[in-house]
Amino acid sequence: MYTFGDPTQWLPFVFAGLMGLSILIYVVLDGFDLGVGVLFPFADDEEKDAMIASIGPFWDANETWLVLAVGLLLVAFPSAHGEILTALYAPVAIMLIGLILRGVAFEFRVKAPAAYKRLWNNAFFIGSLMTSLSQGFMLGLYVMGLDWTLGHVAFACLTAVFLTVGYSFIGATWVIHKNSDALQLKAVDWAKGGIWGLILGVGAVSLATPYVSPRIFEKWFDFPQVLWLAPLPVVSGLLIVWLWTMLRRMPFANDHWNWLPFVAATLLWTTAYGGMAYSFYPYVVPEKITIYEAASAPESLFIILIGSLFVLPAIVGYTLLSYWIFRGKAHELRYD
Amino acid sequence: MLDTLLLSRIQFAANISFHILFPTITIALGWVLLFFRVRYNSTGDARWMEAYGFWVKVFALSFAMGVVSGITMSFQFGTNWPGFMEIVGNIAGPLLAYEIMTAFFLEAVFLGIMLFGFSRVPRWLHTSATFLVAFGTTMSTFWIIVLNSWMHTPQGFEMIDGVAHATDWWAIIFNPSMPYRFFHMMLASFLTVSFLIAGVSAFRWLIGGRTSGVRVAMRTAIFTAALLIPVQILVGDMHGLNTKEYQPAKVAAMEGVWETERGVPLLLFALPDEEARENNFEIGIPGLASFILTHEWDGEVKGLNEFVAEDGTPLHPRVAPVFWSFRVMVGTGMLMLLASWAAVFLMLRKRSDGMGRRGVEGLPKPFLFGLVAMTFSGWLATLAGWYTTEIGRQPWLVQGVMTTKEAVADVPPTMVLSSLIAYLAVYVILLGAYISVIFYLARRASRGQSIEPRLPQSEDAQVRVVPAE
Ligand code: HDD
Ligand code: HEM
Ligand code: HEM
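Protein sequences appear in the order of chains A and B.
Going by our numbering, 181 is the number at position 181 of the first sequence; the sequence numbering is gapless.
Going by our numbering, 1047 is the number at position 47 of the second sequence; the sequence numbering is gapless.
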C-alpha cells in the first residue's frame, strides 16, 4: 500500500495540481472565447460572424475545462467545495446564467429568424460579460478569504473589471491570429487597450495577496525564497514589454507569426497564475482549510487517478487534433 | 414560509427538469444521425444527407442547451447541496469524474468536428466524429444513471464516522436498479427522438415540404418508435418489479395502495387523500395491479400504512404526485404504442393501383396533425417518469443513507428565491425560443425546397414568419 509513500500526503497534492492545471487551461481557453464575446459590441455585423467562426468549433470543449475544474474540486476536496461555492452563491448564479445565455446564443443567432439575430448577438455579449465579471469577482473575493465585507467586495469589483479586460485582451490576440485584414487591425487596437487591464489585474492581485495574509507575505519576502521567486515578476515584466512591442509593430509582413501575441499572453497568464498558486498552497480555502484536510478518502482518489492517467492524455490528444483541423484563418468556416 | 430546503428542492427540480429535456434528445439523435450518415456513405443517396443536414441543426441546438444547463447542474451540488458530497462524495465523486473524463470531453471536442468539419476532414473522420459524439452522450448517460441508481439502491460501501466509503466498485456501478434505469432511459430517449422527428416531419409534410429527405426521416422515426415502444413497456414493467423489491413505499404510492392487500386493482383514476389516508373516486380494474406486480391475480402488495412511524409521521413519499406522474408516463406510453402501430399499419397498406406500399402518403391528414401534436410527447413521459422516481424516493436523498434535509446548504432563503426566479425566467424564454426555432427551421427547410430556387438570397426578409420566442 505504501510503496509510493503515504497516499494521504501525495494524493491531495496531485489532485490540487490537476485542479490547478484545469483552472489554468480554462482561463486561457475559455478566457479567449469569453473575451471575444466581450469585444462583440466593438465589431460590425460581418466582423461578428467572423469572430464567432473563430471560436465556434472550440468553445464547448473550452468550457468543459470548467466542468472538470469544479468536478475535481468537488470530488477531491468535498468539504472545501461546499464552503467555497456557498460563499460564492450569488456570483456563481450570475455566472451560470451568463454561461447559459452565451452558450445558446451561438446557436440561436444563426438559426432563429434573421430579425432576431441582433437580439441573440446582444445575449451573446451580455452573457460573456456576466460570466467574465462574475469570475473576476469570485477571484477577488477568494483572494480576500471569501468574506463579504465592504472592502473585500470593493476589491472584488475591481478584479471583476480587470479580469474582464484581461479576457478581452487574450480574446483580441486570438482574433489577431484567426482573422485578417481590417478585423485583424481592429483586434490589434483592442489588444493594445486590453493589455492595461491585465497589468492592473495582475498587479492588484499580487499586491493585495501578501497584504491580506501575513503568511503569504512571509512566503514571498523571506530571504532565500525571494531569490528563487524573483524570476516570476521579472518574466512577467519582460513578457509585457515583448507583447507591447509586438502589438505596436503588427500586422507583420505576410501575416507571419500572427500567433505570437496569443502565445505570449498565455505565458503571461501562466506566470501570474503560478505566482498565485504558490501563494495559496497548501490552502484550498484561503487561510482556513488545507488541501490535506479537505481531501476525500485515498481509495476514491486513487480510482480517479488511475482513470485520469489513461484518459487525460487522450483528451489532450484529441483536443490538439481539433485545433489542428481548424487551424488557420477562420473565415471559411461556415455553418448555420 | 420561505424555507431554504423547499426552495432549493424546487430549484433543483427546475434545473434538472430543464437539463434532462435536451440530453433526452441528444442521446438518441446522435445515433440517428450516425445512421443517416452511414446510410449515405453506403448508398450515396442524397436524401439521407438531406435528412442529416436538417437534423444535425436540431442536434447542435439541443446540444448547446444540454451543455449550458449541465454546467448549472454541476455547480448545484456545491451551491445548494454541500452535504451530499460531504457524506457520499467518496462514491459520487469518482462516478462524476469518470463522466467528465470519458464522456464530456469526447462529446465536446468531436462535436466541433462533426458540425464544422464536414468539408475539412476526410469522410471517415467525419463519420467517426459523429460516432464518437453519439458514443459520448451514451457514456454520459451511463455514468450519471449509475450515480442516480446508486442513490436509489445503494450498495458496495460502508459508513465510517458518518461518511460513506467505497468497498466494492463493481457493486456500486452495477447496483440492482442500474440496468433497468439505464435501458429505460435509453429507450425513453429513442422514443422521444422518434416522436420529435415524426412530429416535425409531419409538420413539414403538411405545409408542403414533401421531399424524399422528409420521407426517409419519417419512416425511420415511425419504425423505430413502433419497434421500441413494446420493449419500453416490458422494461418499464421489469423496472417496477425491481422497485417493488427495493423501494416498496414508492410502489405503494405509484399504485395508490393504502392497506397491504391481495388482489389489488389497477387504479385508472383516483384522488389520493393524504389526510384521511384513503382514495376518493377510485376507478380500477380488479386484480390487475397485483397481477402486474406479482404476476398472480391475488398477489400481495404492501400498502402505504406499513410505512408510518410509531408517532404517526409518514415514512413514505407524498402520494398524489407520485401516483399521478406515474399515470401520465404510462398513459403517454400507451398513446405512443397506439400512434406508432397505427402509423405502421397505414404506411404498409397497398396502394390502390397495386404499385407498392403507400408509405407516408398513406397517412391521412388528421393523423398527421395528431403526430404534430405528439412532437414533444417524449418529454412529457420522460419528465413524468423522473418525477415518479425522484419524488418517490423522498424523504431520502440516498435511500436509507441520508435524507434530503441533511444535504441542504445554509444559504439565506431570499438568495435561493432570487436565483430560482432568475433561472425560471431564463428557462421559460429559452424553451419558447427552442421550440419555435425548431418549427421555424422546419418551415425554412420546406420553403427552401419549393420556392427558394426562384427567390435566391433574401429568403429571411421575404417571408415574414411567426417570430421565435
Ligand atoms: C418516453 C419515455 C417513457 C415511457 C413511454 C415510459 N417510461 Fe417509464 N420512465 C421513463 C420514461 C418512460 C424515465 C424518464 O426514463 C424513467 C425515470 C427514471 C428512469 O430510469 O426512467 C421512468 C421510470 C419508470 C419507473 C420508475 C422506476 C423507479 O421506481 O425508480 C417505472 C416503474 C416505469 N418507468 C415503468 C414504465 C411503464 C410500465 C411504462 C409503460 C408504458 C413506461 N414506464 C413508459
Ligand atoms: C441522474 C442524475 C440525478 C441525480 C444525481 C439527482 C439527484 C437529486 C438530488 C440531489 C435531489 C435532491 C433535491 C431534492 O430533493 O429536490 C433530487 C430530487 C429531485 N430530482 Fe433528481 N437527480 C437526478 C435525475 C433527475 C431527473 C432526470 C429528474 C427529472 C427530470 C429529476 C427530478 C427530481 C425531482 C422532481 C426532485 C425533487 C423531489 C422532491 O423534492 O420532492 N432528477 N434529485
Ligand atoms: C445531477 C445530475 C447531473 C449533472 C451534474 C449533469 C451535468 C452535466 C454537464 C456538466 C453537462 C455538459 C457537458 C459538456 O460540457 O459537454 C451535461 C451534459 C449531458 N448530460 Fe447531464 N447532468 C446531470 C443529469 C443528467 C441526466 C439525468 C442525464 C440523462 C439521463 C444526463 C445526460 C447528459 C448527456 C447525455 C449530456 C451530453 C449531451 C448534451 O449536452 O445534450 N445528465 N450534464
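Backbone N, C-alpha and C define an ideal beta-carbon position, used for all residues, glycine too.
* To do: Compare the C-beta of T131 of chain A against all C-beta atoms of chain B and say whether one is closer than 7 angstroms.
  => no
* To do: In the DSSP assignment, find the unbroken alpha helix (DSSP H) run with P1154 of chain B in it and report its ends.
  => DSSP places P1154 of chain B outside any alpha helix (DSSP H), giving it a letter other than H or E.
* To do: Please list, in chain order, all residues of the same chain as L163 of chain A whose beta carbon is under 7 angstroms from its beta carbon, the five residues on each side excluded.
  => S132, Q135, G136, L139, G201
* Extent of the continuous beta strand (DSSP E) to which L119 of chain A belongs -> If you look at L119 of chain A, you'll find it isn't in any beta strand (DSSP E); it sits in the alpha helix (DSSP H) that goes 117-143.
* **Members of the segment 110-128 of chain A near chain B, C-beta cut-off 7 angstroms** => Legend: CB atoms of the segment 110-128 of chain A lying less than 7 angstroms from CB atoms of chain B belong to residues K111, A112, P113, A114, A115, Y116.
* Who are the neighbours of F1174 of chain B on chain A, taking C-beta pairs under 8 angstroms? -> Residues of chain A passing the Cβ test: none, with the nearest at roughly 15 angstroms.
* Minimum C-alpha distance to L119 of chain A - residue among B:M1238, B:S1446, B:I1429, B:P1176 -> With distances taken between Cα atoms, L119 of chain A lies closest to B:I1429.
* For the segment 44-58 of chain A, which residues have a beta carbon sitting closer than 7 angstroms to at least one beta carbon of chain B? -> G56, P57, F58
* Burial state of N1090 of chain B (16 or more Cβ within 10 Å) -> buried
* Closer than 7 angstroms at the beta carbon, the chain A residues around K1057 of chain B -> Simply K111.
* Asked: If we call anything under 7 angstroms between Cβ atoms a contact, is H1316 of chain B one with A1270 of chain B?
  -> Cβ distance not < 7 angstroms, so H1316 of chain B and A1270 of chain B don't count as in contact.
* Can the beta-carbon of E1274 of chain B be found closer than 7 angstroms to that of V1319 of chain B? -> yes
* **Integer Cβ distance of Y78 of chain A from M1101 of chain B, believed to fall under 8 angstroms** => Checking the sequence, you will find Pro at residue 78 of chain A rather than Tyr. At roughly 18 angstroms, the Cβ-Cβ gap does not stay under 8 angstroms, so P78 of chain A and M1101 of chain B are not in contact.
* Should V92 of chain A be flagged as near chain B, meaning a C-beta pair shorter than 7 angstroms? -> yes
* Taking the alpha helix (DSSP H) that D49 of chain A falls in, what are its first and last residues? -> 45-55
* **Residues of its chain near V14 of chain A, where Cβ-Cβ distance is below 6 angstroms and the 5 sequence neighbours each way are ignored** => none
* Asked: Does DSSP classify F1307 of chain B as helix, strand or coil?
  -> coil
* Beta carbon of S1418 of chain B: closer than 6 angstroms to some heavy atom of ligand 4? -> Ligand 4 is not among the ligands present in this structure, which contains only ligand 1, ligand 2 and ligand 3.
* Does the beta-carbon of Q1232 of chain B have 16 or more other beta-carbons within 10 angstroms, so that it is buried, or is it exposed? -> buried
* Return the CA-CA distance between W1341 of chain B and T8 of chain A, expressed in angstroms with no decimal places. => Taking the straight line from one Cα to the other gives about 60 angstroms.
* Asked: What residue does the beta strand (DSSP E) around F1269 of chain B start on, and which one ends it?
  -> From DSSP, the beta strand (DSSP E) with F1269 of chain B extends over 1266-1273.
* Per DSSP, what kind of secondary structure is P1321 of chain B in: helix, strand or coil? -> It is helical.
* To do: With distances taken Cα to Cα, identify the nearest neighbour of F302 of chain A among A:A61, A:K48, A:I23, A:L72.
  => A:L72
* Asked: Quick one: which chain B residues come within Cβ less than 7 angstroms of F108 of chain A?
  -> A1433, V1437
* To do: Would you please verify whether the beta carbon of I303 of chain A is less than 7 angstroms from any beta carbon of chain B?
  => yes
* Report the residues of the segment 1111-1125 of chain B with a CB closer than 7 angstroms to any CB of chain A, ordered along the chain. => L1111, G1112, I1113, L1115, F1116, G1117, R1120, V1121
* For my contact list, W259 of chain A and V27 of chain A are in at a C-beta cut-off of 8 angstroms; report their separation, rounded to the angstrom. => Contact check for W259 of chain A and V27 of chain A: beta-carbon distance about 19 angstroms, past the 8 angstroms limit, so the pair fails to qualify.
* Asked: Given that D1410 of chain B touches chain A, what residues does it touch there, using C-beta distances under 9 angstroms?
  -> Within chain A, the residues near D1410 of chain B are T86.
* Please confirm if N1015 of chain B has its CB atom under 7 angstroms from at least one CB of chain A. => no
* To do: For T1440 of chain B, return the contacting residues in chain A, with the cut-off set at a CB-CB distance below 8 angstroms.
  => In the sequence as displayed, the identity of residue 1440 of chain B is Tyr instead of Thr. Those are K111, A112, P113, listed as they occur along chain A.
* N258 of chain A by DSSP, collapsed to three states: which one? -> coil
* Asked: Does the distance from the CB of T1192 of chain B to the CB of G1378 of chain B come in under 7 angstroms?
  -> yes
* To do: Under 8 angstroms between beta-carbons, which chain A residues line up against L1430 of chain B? List them in chain order, please.
  => I100, V104
* Asked: Does the beta carbon of F1500 of chain B sit closer than 7 angstroms to a beta carbon anywhere in chain A?
  -> The structure shown does not extend to residue 1500 of chain B, since chain B spans only 1001 to 1469, so no value can be given for it.
* Minimum length 4: unbroken alpha helix (DSSP H) runs contained in the segment 1153-1207 of chain B -> Within the segment 1153-1207 of chain B, complete alpha helix (DSSP H) segments of at least 4 residues are found at 1169-1173, 1178-1206, given in chain order.
* To do: Please go through the segment 204-244 of chain A and give each complete alpha helix (DSSP H) segment of 4 or more residues, from N-terminal end onward.
  => 214-221, 223-229
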